[in-house]
Amino acid sequence: MADPRLLGGRYRLLSRVDQAGTTWQARDERAQRDVTVADARQPLPRLSPELRHPSVVAVLDVVPGDGRAWVVTEPVPGHPLARVVRSEGPLGVEAAARLGLDLLGALEAAHRAGVWLLVGPDTVTVTPDGWAVVTWFAASPRHGWRDLAEVLSLASGVSEGPLAALVGRLISEPGLAPDVVRGELDRLLPRRHPVRRKPVMWASAVLAVLVAGVGVGVALLPGDDAPRKPQAAASSTASGYVDPPPFATRPDPCTLLSPVQLEELDVETVSDNTVGSEECVFGHHSRFAHAPRSMQFLLTVKVKRYSDADQAHKALFELTEQTTRGAGTGEGVTRTKPRPVTGVGGEAVAGEVIMTGSFGASVITRVGNLMVTAQYGRGSDIDTGDRAAQGAMKAAGWLVESLLRSR
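Numbering (full-length UniProt numbering), first residue to last: 1 to 407.
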């Protein structure tokens, strides 16, 4: 008999989030991570993988059922706005304006993706950092400005003044331009300091540990606990990869990823990269400048050139030995053992470093006589949705493709 609390053979329902029993805290037993599962009955909400925004809950999976679907999302810390106001009272004009800017960005992103958000006191969660996250979707078009007006009115608790006037305009002017709404909300906030375009301290710290603590093991095979003695670097693999001719010069790591690829990783070029360096840093995207640290990502790309493929192979092996010995937990840092991965360059491994408040993933691969590293980190010691690990793999794959195209 099937276990009624195990959905799709993967998601185990643990406890109800609401009294109606439509939303559950659950555990993804395959990926070993916490998730939220919601019962979406007919008509089903419109969902899209194109929608990625810090103020919209991330959808991980959809499990079909009898006339319904179970929507699996990342858990969002915090409480619904309605509950926050009931227990603590209105948040005030400034906090309400900040929530309004979060939700405005979410509505614009949803519009671009062709998705309708259900914005309301019970579907907007306020995180411990004061960030607003929309946790549910609509099956048909919504009156976005009216929904936003309801949230602003409840959150602020005011009936007069500039915010109350904006609420009135949102209700009476359905064609109000988003830039006008953004401008009115911005004026209610203290003057902002310029956004730092250099990596924030948590990211610099975790990547410094990654450099020293996450190695590569090109001579590892599945099931091995220690690196084997280096052999001559293979020129081709079972996946069809063939080593390119040797690189006479080291490629610029800042030019290997396209703007579209950086956008997908939620990062962008920072202004203080050193021209000619073997390392290039990409900071969190500007749209995440005021997001909680857990939603901010940092990518570092490193390219090191050796005289030939065998020398690159030997260097990777030696680094693997060193980092395998250093795996474990100590001084507040956990380093995983480097493990082999396939389908990325000629030979590659991956590993993670977890510190208080930060999580970093690293994939290092050999491409001919180059050692290429993709280090992807986030400002949380829990990699919800495996974003950091998957992002490092994705970046490494793109780097290999870019290098092969250049030959």
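Ideal Cβ placement from N, Cα and C applies to all residues, glycine included.
For residue i, is the classification buried or exposed, using 16 other Cβ atoms within 10 angstroms of its Cβ as the cut-off for buried?
i: Ala389; result: buried
i: Val242; result: exposed
i: Ser294; result: buried
i: Ala248; result: exposed
i: Val260; result: exposed
i: Pro64; result: exposed
i: Gly183; result: exposed
i: Ser87; result: exposed
i: Ser55; result: buried
i: Thr342; result: exposed
i: Gln375; result: buried
i: Ser159; result: exposed
i: Lys229; result: Residue placement at Lys229 cannot be trusted, given a pLDDT of 46 that sits under 50; the coordinates are not used to answer.
i: Ala40; result: buried
i: Ala177; result: exposed
i: Thr320; result: buried
i: Asp332; result: Going by the sequence as given, residue 332 is Gly instead of Asp. Label assigned to Gly332: exposed.
i: Gly240; result: exposed
i: Gly161; result: exposed
i: Gly346; result: buried
Between residue i and residue j, is the Cβ-Cβ spacing less than 9 Å?
i: Arg146; j: Pro174; result: yes
i: Ser380; j: Gly351; result: no
i: Ser156; j: Ala164; result: yes
i: Ala396; j: Ile354; result: no
i: Val344; j: Val281; result: no
i: Gly168; j: Leu107; result: no
i: Leu51; j: Ala69; result: no
i: Val84; j: Leu188; result: no
i: Ala38; j: Leu7; result: no
i: Val301; j: Cys254; result: yes
i: Pro80; j: Val119; result: no
i: Thr36; j: Val62; result: no
i: Pro340; j: Thr324; result: no
i: Ala138; j: Leu117; result: yes
Could you compute how far the alpha carbon of residue i sits from the alpha carbon of residue j?
i: Gly114; j: Asp310; result: 50 Å
i: Asp406; j: Ala348; result: Looking at the sequence itself, residue 406 is Ser, so the reference to Asp does not match. Roughly 20 Å separates the two Cα atoms.
i: Gly391; j: Gly105; result: 23 Å
i: Thr334; j: Asp386; result: 17 Å
i: Val134; j: Gln322; result: 45 Å
i: Ile171; j: Leu103; result: 16 Å
i: Arg46; j: Ala312; result: 49 Å
i: Ser258; j: Arg10; result: 35 Å
i: Thr22; j: Thr336; result: 37 Å
i: Val209; j: Glu263; result: For Val209, the pLDDT reaches just 48, beneath the cut-off of 50, and the residue's location in the model is therefore unreliable, leaving the point undetermined.
i: Ser48; j: Ala110; result: 9 Å
i: Val218; j: Leu265; result: Its pLDDT being 30, under 50, Val218 is placed unreliably in this model, and the value from its coordinates should be taken loosely. Rounded to the nearest angstrom, the two C-alpha atoms are 26 Å apart.
i: Asp34; j: Glu74; result: 8 Å
i: His284; j: Gly377; result: 10 Å
i: Phe317; j: Ile382; result: 29 Å
i: Asp18; j: Asp129; result: 23 Å
i: Asp252; j: Gly78; result: 42 Å
i: Asp179; j: Ser402; result: 38 Å
i: Asp3; j: Ala31; result: 19 Å
i: Lys314; j: Gly360; result: 25 Å
i: Tyr306; j: Arg112; result: 45 Å
i: Arg5; j: Asp66; result: 15 Å
i: Gly326; j: Ala289; result: 34 Å
Can you tell me which of the options puts its alpha carbon nearest to the alpha carbon of residue i?
i: Trp131; options: Val76, Gly120, Tyr306; result: Val76
i: Leu99; options: Val151, Ser286, Ser48, Leu299; result: Val151
i: Glu278; options: Ala69, Val270, Arg250, Ser258; result: Arg250
i: Glu29; options: Leu404, Val267, Arg12; result: Arg12
i: Val124; options: Leu154, Arg112, Ala139; result: Leu154
i: Ser362; options: Lys394, Asp252, Pro246; result: Lys394
i: Trp136; options: Asp66, Gly161, Gly89, Val59; result: Val59
i: Arg287; options: His53, Gly360, Asp3; result: His53
i: Leu299; options: Ser307, Asp308, Leu256; result: Leu256
i: Pro190; options: Ala95, Arg112, Pro246; result: Ala95
i: Asp308; options: Arg112, Ser140, Trp398, Pro246; result: Pro246
Assuming residue i and residue j make a contact with CB atoms under 8 Å, what is their CB distance in whole Å?
i: Ala97; j: Pro121; result: Not a contact, Cβ separation roughly 17 Å.
i: Lys304; j: Leu404; result: Not confirmed; about 17 Å, so no contact.
i: Phe297; j: Val267; result: 6 Å
i: Val367; j: Pro244; result: 7 Å
i: Leu101; j: Leu185; result: 5 Å
Quick one: does residue i have its CB under 9 Å from some CB of chain B?
i: Gly89; result: Given the protein chain composition of this structure (a single chain), no chain B is represented.
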